[in-house]
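What follows is one structure encoded as structure tokens, with my remarks underneath.
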Amino acid sequence: MNLIFTFIFMQSILEPWPWYVCGPLIALIMFILIYFGKTFGMSSNLRTLCAIGGAGKKVKFFDFDWKEQRWNLTVVLGAIIGGFIAHSYLSTPTNIDLNPETVITLQTMGFENAGKSLLPPELYSWDAVFSLKGLAILIIGGFLVGFGTRYAGGCTSGHAITGLSSLQLPSLIAVIGFFMGGLIMIHLLFPLIFS
Amino acid sequence: MAKYIKFLFVGIIFGIVLVKSEAVSWYRIYEMFKFESFHMYGIIGSSVITGIILLLVSKKFKNINGGLMTVPKKAKGLPRYIIGGTIFGLGWALSGACPGPMYILVGTGAFSVIIVILAAILGTYVYGILKDKLPH
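Protein chains in written order, with the working numbering: chain X, 3 to 197; chain H, 5 to 140.
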């Protein structure tokens, strides 16, 4: 009997985990970091990386003791390792259970095989990266994320999870901003970019 | 070194959970903004509800250093949250990656995401330069 349960358990580990398992686990990660006397905020690492690169000599915003942020860079290192473990050892081949409507819409925009990988090859394959449009999309997307998150003082982890969990109004406003931006991009700009 | 082990461990769990939740997928972000699936709303919603409960209960407890279990207060302001948030959202939807998943995706072998990370570092740097000229 035990063996059967173990087998079923291992099988369900390999499947995608349901939202009601992952959501509380993310909250637990935030909680553990607060218990460790820190906070859950991934975008701060971008500022730290600027400081490590010597940006503090030119710009005051980066003139701080980045060594105090080493714990957060360690979380980043762990996250990379976690991504590797989950993808290599804890997953069956990626087959995301997207809404069929979404798959059809994506197809009309030139995205084939939606959900068969984590990222669309139309944007992230090396072929795409070495095209002017593909490279521009990744650079503009990344730039907006980096600029916007620091301007707003946090990202999904700092505002949507930590800020909302601690009932802070600024975070609610920021999350509304996240969604305004996302909706503008998907509904107004995507039809122009991918037509 | 030993004091960093626990953070490494937290990071590993974070990476695993985000891959297994599919929240690192560009497609899931797209689907969320199309309102065509409950999945992402379920993740964020159940995370926030659990977080609220954990933070309320933990008010009576002390953290590992014997201090209070507190979350830093966000600065007051409106323009920075609305404008900054919107800029972030535009980038999030386009690249499909926010600042946690970016690194996790590299771990899954998606090395082209490094371009997004470098661009995000540049974006943060440019914000640092313009900071005092922007409304907050």
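For each residue, glycine too, the CB sits at the ideal point set by N, CA and C.
is_contact[residue i, chain X] using C-beta, thresh 9 angstroms
i	result
K38 of chain H	yes
A79 of chain H	yes
K64 of chain H	no
K137 of chain H	no
Beta-bridge pairing of residue i - partner residues as DSSP gives them
i	result
K66 of chain H	H:L72
Contact under 9 angstroms by Cβ, residue i with residue j
i	j	result
Y37 of chain X	I68 of chain H	yes
T158 of chain X	K38 of chain H	no
I56 of chain H	G25 of chain X	no
L126 of chain H	M187 of chain X	no
I83 of chain X	G15 of chain H	yes
I195 of chain X	I141 of chain X	no
R152 of chain X	Y131 of chain H	yes
M44 of chain X	L58 of chain H	no
W19 of chain X	V21 of chain H	yes
F92 of chain H	A176 of chain X	yes
G150 of chain X	G89 of chain H	yes
V52 of chain H	Y126 of chain X	no
G184 of chain X	L109 of chain H	no
D129 of chain X	P123 of chain X	yes
G160 of chain X	S46 of chain X	yes
G148 of chain X	Y107 of chain H	no
G80 of chain X	G19 of chain H	yes
Y31 of chain H	T104 of chain X	yes
F63 of chain X	K135 of chain H	yes
S14 of chain X	V75 of chain H	no
L191 of chain X	L94 of chain H	yes
F145 of chain X	A123 of chain H	yes
I98 of chain X	S29 of chain H	yes
G58 of chain X	D65 of chain X	yes
T50 of chain X	W68 of chain X	yes
L30 of chain X	T54 of chain H	yes
S41 of chain H	N4 of chain X	no
F133 of chain H	V23 of chain X	The amino acid at residue 133 of chain H is misidentified as Phe; the sequence shows Ile. Cβ distance not < 9 angstroms, so I133 of chain H and V23 of chain X don't count as in contact.
I119 of chain H	L137 of chain X	yes
Any C-beta of chain H under 9 angstroms from that of residue i
i	result
K40 of chain X	yes
Q170 of chain X	yes
F11 of chain X	no
W19 of chain X	yes
F7 of chain X	no
G112 of chain X	no
P26 of chain X	yes
L35 of chain X	yes
N4 of chain X	no
S133 of chain X	no
T94 of chain X	no
S173 of chain X	yes
L30 of chain X	yes
P193 of chain X	no
S45 of chain X	yes
S127 of chain X	yes
S197 of chain X	no
Neighbour-count burial assignment, residue i, 16 or more Cβ in a 10 Å radius
i	result
E114 of chain X	exposed
P119 of chain X	For the sequence presented, residue 119 of chain X should be read as Ser rather than Pro. S119 of chain X is buried by the Cβ-count criterion.
M12 of chain X	exposed
G113 of chain H	exposed
M44 of chain H	buried
P172 of chain X	buried
P105 of chain H	buried
M5 of chain H	exposed
F65 of chain H	exposed
N74 of chain X	buried
F11 of chain H	buried
E35 of chain H	buried
Y91 of chain X	exposed
L82 of chain H	exposed
A88 of chain X	buried
S25 of chain H	buried
S133 of chain X	exposed
L35 of chain X	buried
K78 of chain H	buried
V77 of chain X	buried
P139 of chain H	exposed
L60 of chain H	exposed
P193 of chain X	exposed
Residue i: CB within 8 angstroms of a non-hydrogen atom of the ligand HEM
i	result
G165 of chain X	Questions concerning the ligand HEM fall outside what the structure shown contains, since it holds no ligand whatsoever.
Interfacial residues, the region 107 to 118 of chain H to chain X, with Cβ spacing under 8 angstroms: Answer in chain order: Y107, I108, L109, V110, G111, T112, G113, A114, S116 and V117.
In the region 5 to 24 of chain H, which residues sit with their C-beta less than 9 angstroms from some C-beta in chain X, listed in chain order? K7, Y8, I9, K10, F11, L12, F13, V14, G15, I16, I17, F18, G19, I20, V21, L22, V23 and K24
Mind checking the region 69 to 86 of chain X against chain H and listing, in chain order, the residues whose C-beta falls within less than 8 angstroms of any C-beta there? R72, W73, N74, T76, V77, V78, L79, G80, A81, I82, I83, G84, G85 and F86
Below 9 angstroms between beta carbons is the criterion; list the residues of the region 49 to 66 of chain X that meet it against any residue of chain H, in chain order. Cβ contacts with chain H come from R49, L51, C52, G55, A57, K60, V61, K62, F63 and F64.
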